[in-house]
Amino acid sequence: MHRWSQLFIPTLREAPADAEVASHKYLVRAGYIRQLAAGLYSYLFLGQRSLNKVMAIVREEMDRIGQEFYLPALHPRELWEASGRWTVMGDNLFRLKDRKGADLCLGMTHEENMTEIARKELRSYKQLPQIWYQIQSKFRDEPRPRSGLLRVRQFMMKDSYSFDIDDAGLEVSYRKHRATYCRIFDRCGLNYLIIEAHSGAMGGSQSEEFMVYTPAGEDQVVSCASCKYAANLEKATSKLEAVQELAPEGDGKPLEVHTPGQKTIEEVARYLGVSPKNKIKTLALMIDGSTGNGAHASTSRGVVVLMRGDHQLNEAKLSTALAGKETRPMQEEEIRQLFKSPAGFLGPLGIDWSKGLDDVAKPILLVDTALQGRANLIAGANKEDYHVKNITPGKDFQPTGYADLRSVATGDPCPNCGSPLRMDTAVEVGHIFKLGYKYAESMNARVLDKNGKEVMPIMGCYGIGIERILTAAIEQSNDENGFWLPPQIAPFEVVVTATNVSDEKIRVTAESIAQSLESAGYDVLLDDRDERPGVKFKDADLVGIPFRVNVGKKVTEDRVEVVQRSTRQSQDVSIAAITDYFRQNLGPGRRT
RNA sequence: CGGGGAGUGGCUCAGCCUGGUAGAGCACCUGGUUCGGGACCAGGGGGUCGGAGGUUCAAAUCCUCUCUCCCCGACCA
């Protein structure tokens, strides 16, 4: 039996000054966590208890499809060299040296470690499929930890990895995870949705994210109210309405027009009396050369992006199109040097664009798919105060390539059904991802197939942020007095509040009610502190326990009050019927 | 990393501009009165004012450097 009077539950009247989001404020105020440093938190009694419940659910569900491992958090450099990520991960990877001077790092994730095991141990297709998982601390030197437990440098992750002999097998493993994740998030009481995700620089493979709507989130989710379409902003697209093309002027060939002082899209469009939709937006960007040594060194490279005049560039999409390269806006001087054009009048004509990303000597020209098939557009003339009409992509200039680079905006038509799209912020609690052969390839994992031929196993990886489940649950359910958790993940299901412990009858009754609820298998916290009732009620409201039993003056009538935290509805229940009440409202006690 | 803000008992903050004995509320300890929504009275403990250097007779306060934390932007569970 847990007695509040003997526990360490340091509740705070006021939120710490540096907490902004609800979950952060309440986790601290309710005594769940304390901060150690930026992005590092200690989980106290209530916090750890709740996380343990989350992990128990995750474990129970994962055990139905996979096998639990526990891998080291400390990894030798060689492991990460093998996959190439020792350099790729840059500053995000925590690095250290052992006493002998050997390089080590703290695992941000465990693809390498798992693949290493697979590489050494898996020999035959007969051993496949495999699903291996673990629940373990991950370390990431985030550039900016934030929002309490939402983005931290050390956190618990359930990560799993699937190994299959072929695509069909991967599909099965992926489906299993998807279904399991749904069960996990359902059991944790989260209101989530599954969205198509940006699959990062590796591209191609399928990836979905499990999101919970909350203004505290860091992700933008685009969704359709009419159909099921939902995607990450980095991935989302929308239907393009047809644009009225301009009639060709003169002989239909590119035609320079004088546009004195007109630089922006809007100015030029207004000046020429056309819609921005008929204008090409030209963005000059730069890939900075790496300062790395030897093999990895590269030179800076210009990238020009063409968008429809009224469209916005999505940097994540651009980065994907550039195989993961980051860009920055080009400076005016750089534009002048590279393209002999004044900034503001840059256009695609007359420049020798590279034929592919590997063609490093020339600048890259990427054109958004919204411009593919368009005609008679207007762009800069690479000359002060001049623009060019009658430009048709593919005819008047040859881009390096076309790509979907456009950011979806609120109200754009859904790509499936055409209804207006909406955009919401959300937090990612899980991610499932078809990895493909990336690690099998780089780390040289091979098995023999039916025909005795060596093939690479195909992999999937799947993650759940443990703390984020708690955080999302709190973001989902809080008010000015505190928060309430779904009973399945609350540190206790019921708090029994003895309103006045100096009243013998109340004290004894509270004690016996707590006792019998506990015997019935519920997690009960008995508030037996010598405090005034107000203090206890405030604390009970604060700490996230979904039900409260008030044991007060009505004990003389053999009655107590049960208060549901979420609705604040209170109901008198006879003491004899208290266990039944919870059987009806909570189901049978889990520990029976 | 770029931009903005903040560091003063455990917590929330005042004091700083205009240098002169370090404060309030809450929390904590003791005694008493209380006991259904963060009680009251009396007494008490606790702070090198983030750190270093400088200016000054004198620095929480002015100057320089530095560390830490938070927020906004590029990454991710």
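Per the numbering used here, the first sequence starts with residue 1004, numbered consecutively.
Glycine included, C-beta positions come from ideal geometry on N, C-alpha and C.
Would you please state the rounded distance, in angstroms, between the beta carbons of residue i and residue j? I believe it to be under 8 Å.
| i | j | result |
| --- | --- | --- |
| E1212 | N1194 | E1212 to N1194, Cβ: 15 Å. No contact. |
| A1378 | E1248 | 5 Å |
| I1467 | V1061 | 6 Å |
| G1637 | Y1184 | Since the first residue shown for the chain is 1004 and the last is 1595, residue 1637 is missing from the structure and cannot be characterised. |
| S1422 | A1228 | 6 Å |
| V1277 | I1381 | 7 Å |
| K1328 | E1237 | 15 Å between Cβ atoms; not a contact. |
| F1142 | A1076 | 7 Å |
| S1086 | Y1442 | 6 Å |
| L1369 | V1306 | 7 Å |
| I1469 | L1010 | Not really, about 23 Å apart at Cβ, beyond 8 Å. |
| H1390 | G1383 | 6 Å |
| S1140 | L1424 | With 8 Å as the limit, S1140 and L1424 do not qualify as a contact, their Cβ atoms being about 38 Å apart. |
| G1463 | Y1177 | 5 Å |
| I1548 | R1181 | Contact doesn't hold; Cβ gap of about 32 Å is too wide. |
| E1244 | P1416 | 7 Å |
Within the continuous alpha helix (DSSP H) that includes residue i, where are the two ends?
| i | result |
| --- | --- |
| A1543 | 1536 to 1545 |
| Y1442 | 1441 to 1445 |
| F1188 | 1170 to 1190 |
| Y1029 | 1025 to 1032 |
| Y1584 | 1581 to 1589 |
| M1004 | Careful: M1004 lies outside any alpha helix (DSSP H) and carries neither H nor E. |
| V1271 | 1268 to 1275 |
Among the options, which residue has its Cα nearest to the Cα of residue i?
| i | options | result |
| --- | --- | --- |
| D1561 | Q1009, T1413, G1537, T1512 | T1512 |
| A1105 | F1550, H1078, R1156 | H1078 |
| D1254 | A1364, I1394, D1189 | I1394 |
| G1172 | Q1130, I1197, R1190 | Q1130 |
| A1448 | R1037, F1072, L1125 | L1125 |
| E1199 | M1214, I1187, L1589 | M1214 |
| M1446 | M1117, V1057, N1055 | M1117 |
| L1099 | D1144, S1127, G1087 | D1144 |
| I1461 | D1482, I1469, D1452, L1438 | L1438 |
| Y1440 | S1208, W1487, P1591, E1534 | S1208 |
| K1392 | R1067, R1339, A1493, V1271 | V1271 |
| R1006 | K1541, R1571, E1521, E1470 | E1521 |
| K1056 | Y1389, A1579, F1188, K1557 | F1188 |
| G1404 | I1367, Y1389, D1388 | I1367 |
| V1246 | K1231, K1280, N1503, C1230 | K1280 |
| L1488 | F1550, S1519, K1541 | F1550 |
| K1508 | L1039, V1558, R1052, E1534 | V1558 |
Less than 8 Å between the CB of residue i and some heavy atom of the ligand GDP, yes or no?
| i | result |
| --- | --- |
| V1175 | This structure lacks the ligand GDP, and indeed carries no ligand of any kind. |
For residue i, report the span of its beta strand (DSSP E) as first-last.
| i | result |
| --- | --- |
| V1091 | That residue, V1091, is in no beta strand (DSSP E); its alpha helix (DSSP H) goes 1088 to 1091. |
| K1161 | 1157 to 1167 |
| A1040 | 1036 to 1040 |
| E1124 | Not the beta strand (DSSP E): E1124 falls in the alpha helix (DSSP H), residues 1114 to 1124. |
| V1215 | 1210 to 1216 |
| Y1046 | 1043 to 1046 |
| H1261 | 1258 to 1261 |
| V1308 | 1304 to 1311 |
| A1250 | No beta strand (DSSP E) contains A1250, which DSSP labels as neither H nor E. |
| F1142 | 1133 to 1142 |
| A1287 | 1283 to 1290 |
| R1562 | 1562 to 1567 |
| C1227 | 1222 to 1227 |
| C1108 | 1106 to 1109 |
| N1553 | 1550 to 1554 |
| Q1572 | Taken as a continuous stretch (DSSP letters only), Q1572 belongs to no beta strand (DSSP E), as it is neither H nor E. |
- prompt: Would you say the region 1472 to 1480 touches the region 1021 to 1036, given that touching needs at least three Cβ pairs under 8 Å?
  reply: yes
task: Could you tell me whether the region 1157 to 1171 touches the region 1133 to 1144, where touching means 3 or more Cβ pairs closer than 8 Å?
output: yes
message: With a threshold of 8 Å, are at least 3 pairs of Cβ atoms found where one atom belongs to the region 1405 to 1418 and the other to the region 1300 to 1315?
response: yes
Sufficient close CB pairs (3 or more, under 8 Å) joining the region 1449 to 1458 to the region 1256 to 1270: no
- request: Decide yes or no for the touch test of the region 1092 to 1099 against the region 1519 to 1535: beta carbon pairs closer than 8 Å, at least 3 of them.
  value: no
field: Unbroken stretches of the beta strand (DSSP E), 3 residues or longer, contained in the region 1058 to 1101
entry: 1077 to 1079, 1098 to 1100
task: Take every Cβ of the region 1554 to 1572, pair it with every Cβ of the region 1482 to 1502, and state whether three or more of those distances are shorter than 8 Å.
output: yes
message: Quick check for students: name the residue ranges of the beta strand (DSSP E) that lie wholly in the region 1484 to 1530, counting only runs of 3 or more.
response: 1485 to 1487, 1497 to 1501, 1527 to 1530
task: Kindly confirm or deny that the region 1346 to 1366 and the region 1213 to 1233 touch, where touching means at least three C-beta pairs closer than 8 Å.
output: no
At least three beta-carbon pairs within less than 8 Å, the region 1036 to 1049 to the region 1573 to 1591: no
- prompt: Where are the alpha helix (DSSP H) runs, 4 residues long or more, that stay fully inside the region 1325 to 1407, in chain order?
  reply: 1335 to 1342
query: Which parts of the region 1432 to 1479 are runs of the beta strand (DSSP E), unbroken and 3 residues or longer, counting only runs that do not cross its ends?
result: 1461 to 1468
message: I'd like to know if the region 1342 to 1351 and the region 1278 to 1292 are in contact, where contact means that at least 3 CB-CB pairs between them fall below 8 Å.
response: yes
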